[in-house]
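Step one of this worksheet: look at the structure below.
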Amino acid sequence: MDNLTQCHVGAVLALFWAAFWPVGVHAAPQETASTAAPSLPAAASYLLVQLTGKAKMIGYPAVCPGSSPDEDQSEIICLAELYEAPAHVLQHLGGAPTERRLTIRFTAHSFHAVWQKDVRFLLGVVPFEDKGATGHFAYFWDWEGDTGEFCRGANELDDLEAPIRDFYRSGRVRKASARDDDWERGWEIACVKGRPGRER
1 MDNLTQCHVG AVLALFWAAF WPVGVHAAPQ ETASTAAPSL PAAASYLLVQ
51 LTGKAKMIGY PAVCPGSSPD EDQSEIICLA ELYEAPAHVL QHLGGAPTER
101 RLTIRFTAHS FHAVWQKDVR FLLGVVPFED KGATGHFAYF WDWEGDTGEF
151 CRGANELDDL EAPIRDFYRS GRVRKASARD DDWERGWEIA CVKGRPGRER
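Heads up: the sequence shown at position 76 corresponds to 76 in my numbering, and the numbers run straight through without jumps.
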């Protein structure tokens, strides 16, 4: 069974454009991750990180996704919360270079109990600047499972961006077993451990 990372990458991209680009720029939300997503800026980076602190809610985007920048945002009840967490880069997989310590922002859509200190994440990020604060916004995310591996359906790899696809292909393809809680038993999955995090 697919995990949360397989859902709505396009919608998260649309939220990024709405939250951090000038008000005059607005991308329509995408229906699913399989829908063609907007082109990413050249500054996109692909990283394996470990969170160094717990994620905290920091507010709401300037323009709620699904609305027009021309609408009065004070009249809209927006449930698209933004969260932020500090992270240490364990492995740079491709794209623009980044610092070793980053501030990562992500949406409530991607929020899950696994966004905790010490958990490792595979991320696609783009830089942002918001009222003097800077960091990177995660438009793609996946987290390590209970086995300490990152896994995706083997038949999905061709749809991923090259650095993420190459990361999964550096591991092994196997059949999901009873220990793989996020996957249907017998499903073919590509799994990779990646660089280990710091001691917990």
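A virtual CB, placed ideally from N, CA and C, is assigned to each residue, including glycine.
Would the region 171-189 count as touching the region 123-137 if we require 3 or more Cβ pairs under 8 Å? In the pairwise beta carbon analysis, the region 171-189 is classified as not touching the region 123-137: fewer than three pairs are separated by under 8 Å.
Between the CA atoms of residue 185 and residue 47 - distance to the nearest angstrom: Stepping through the sequence shown from its first residue, residue 47 is reached at position 47. Stepping through the sequence shown from its first residue, residue 185 is reached at position 185. The alpha-carbon atoms of residue 47 and residue 185 are separated by roughly 29 Å.
Rounded to a whole number of angstroms, what is the C-alpha to C-alpha distance between residue 114 and residue 183? Position 114 of the sequence shown, counted from the first residue, corresponds to residue 114. Position 183 of the sequence shown, counted from the first residue, corresponds to residue 183. Whole-angstrom Cα-Cα distance: 17 Å.
Alpha carbon to alpha carbon, what distance is there between residue 170 and residue 108? Taking the sequence shown and counting its residues from 1, one reaches residue 108 at position 108. Taking the sequence shown and counting its residues from 1, one reaches residue 170 at position 170. In a straight line, the C-alpha of residue 108 is about 30 Å away from that of residue 170.
Roughly how many angstroms separate the alpha carbons of residue 102 and residue 181, rounded to a whole number? Locating residue 102 in the sequence shown gives position 102, counting from the first residue. Locating residue 181 in the sequence shown gives position 181, counting from the first residue. The alpha-carbon atoms of residue 102 and residue 181 are separated by roughly 30 Å.
Since residue 187 sits in a beta bridge, which residues does DSSP pair it with? Along the sequence shown, one-based indexing puts residue 187 at 187. Residue 187 is not bridged to any residue.
Nearest to residue 53 by CA position, among 74, 84, 71, is which residue? Position 53 of the sequence shown, counting from 1, holds the residue named residue 53. The residue from 74, 84, 71 with its alpha-carbon nearest to that of residue 53 is 84.
Pick out whichever of 95, 187, 105, 104 has its Cα sitting closest to the Cα of residue 162. Residue numbering aside, residue 162 sits at position 162 when the sequence shown is read from its first letter. Nearest to residue 162 by alpha-carbon distance, out of 95, 187, 105, 104, is 95.
What is the DSSP secondary structure of residue 46, reduced to helix, strand or coil? Counting from 1 along the sequence shown, the entry for residue 46 is found at position 46. When DSSP states are grouped into helix, strand and coil, residue 46 belongs to the strand group.
With a threshold of 8 Å on Cβ separation, who are the neighbours of residue 195 within its own chain once the five nearest residues in sequence on each side are excluded? Counted from its first residue, the sequence shown places residue 195 at position 195. These residues qualify, in order along the chain: 48, 90, 91.
Spatially closest choice to residue 60 from 164, 76, 147, by CA coordinates: Walking along the sequence shown from the start, residue 60 turns up at place 60. Relative to the Cα of residue 60, the nearest Cα in the group 164, 76, 147 belongs to 76.
Using the three-state DSSP reduction, which class does residue 31 fall into: helix, strand or coil? Mapped onto the sequence shown, residue 31 falls at position 31. Caution applies to residue 31, whose pLDDT of 28 falls short of 50 and renders its modelled position unreliable; the model cannot decide the point.
Assuming residue 167 is part of the beta strand (DSSP E), what are its boundary residues? What you label residue 167 is simply residue 167 of the sequence shown in a count that begins at 1. Looking at the DSSP string, residue 167 is not in any beta strand (DSSP E); the run it does join, the alpha helix (DSSP H), is 162-169.
With residue 124 as the anchor, note down where its beta strand (DSSP E) starts and where it stops. Position 124 of the sequence shown, counting from 1, holds the residue named residue 124. Note, residue 124: beta strand (DSSP E), 120-130.
My assumption, with CB atoms under 8 Å, is that residue 50 sits in contact with residue 152. Please give the rounded CB distance. As a position in the sequence shown, residue 50 is number 50, starting the count at 1. As a position in the sequence shown, residue 152 is number 152, starting the count at 1. Residue 50 to residue 152, Cβ: 20 Å. No contact.
According to DSSP, is residue 108 helix, strand or coil? As a working note, residue 108 is residue 108 in the sequence shown. Residue 108 falls in the helix class under three-state DSSP.
Measure the alpha-carbon distance for residue 158 versus residue 188 and round it to whole angstroms. The sequence position of residue 158 within the sequence shown is 158, counting from 1. The sequence position of residue 188 within the sequence shown is 188, counting from 1. If I take the Cα positions, the gap works out to 14 Å.
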